[in-house]
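For the sequence shown, our numbering assigns the number 24 to the initial residue and increments by one for each residue that follows. Even for Gly, the Cβ is constructed at its ideal location relative to N, Cα and C. None of the values given here were measured: they were computed from a predicted structure. Structure record follows, encoded as structure tokens.
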Amino acid sequence: MKITILAVGRLPRSPEADLVKLYVERATAAGRALALGPVEVVEVEARKPGKGPEAEVLRPHLEGAHVIACDEHGTQRTSRDFASLVARLRDDGTRRLVLVIGGADGLDPVLLGEVHGKLAFGPQTWPHALARVMLTEQVYRAVTILAGGPYHRD
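Following this line, the structure appears as structure tokens:
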């Protein structure tokens, strides 16, 4: 199952961008044996500001995928629960999982109504760059949990 992290905006060269790249590479390498991956990050930018124009540039990347939006009102999952969700989707024959991170103002309500699920990182507000790092790390962690690796400790 291919896993895409779809994000509004582009990360400049930064420590956060380096961490995102590192976790994507690790998740892709570790996921091969589990039929997970490749993992990729797709960045999009709207020509106009606002949730509506952002939703327009996100939509083409969502077709035919199981879509989970990062949203403050979403479900908070433990790392093991997230790993179980990823495994269930893979085992059910899902070919593409897309995890969406919206822009500074979040995701368009209409788009949120079309997704298969919502994931929250807790009640705090996180900077956009850190949300990407946290999401890619959790994807890597899910892969290592499913592989039975020592990375995750309960």
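Nearest to residue i by alpha carbon, out of the options?
i	options	result
S102	R118, L153, D115, H175	H175
E95	L158, G32, P38, F144	F144
G75	A127, V166, G171, L142	A127
By a C-beta neighbour count over all protein chains shown, 10 Å radius and 16 as the cutoff for buried, is residue i buried or exposed?
i	result
T148	exposed
Q161	buried
D177	exposed
D131	buried
R164	buried
V65	exposed
Keeping to the same chain, check which residues put their C-beta closer than 6 angstroms to that of residue i; ignore five residues upstream and five downstream.
i	result
G60	T51, G54
V80	V67, A69
To which residues does DSSP link residue i through a beta bridge?
i	result
A30	E66, I124
Q99	A143
Round the Cβ separation of residue i and residue j to the nearest angstrom and send it over; I've been treating them as touching at under 8 angstroms.
i	j	result
R119	A88	4 angstroms
L34	A154	That pair is no contact at about 11 angstroms.
Looking at the C-beta of residue i, does it have a partner C-beta in chain D at a distance below 8 angstroms?
i	result
D104	Protein chain content of the structure displayed is limited to a single chain, and chain D is not contained in it.
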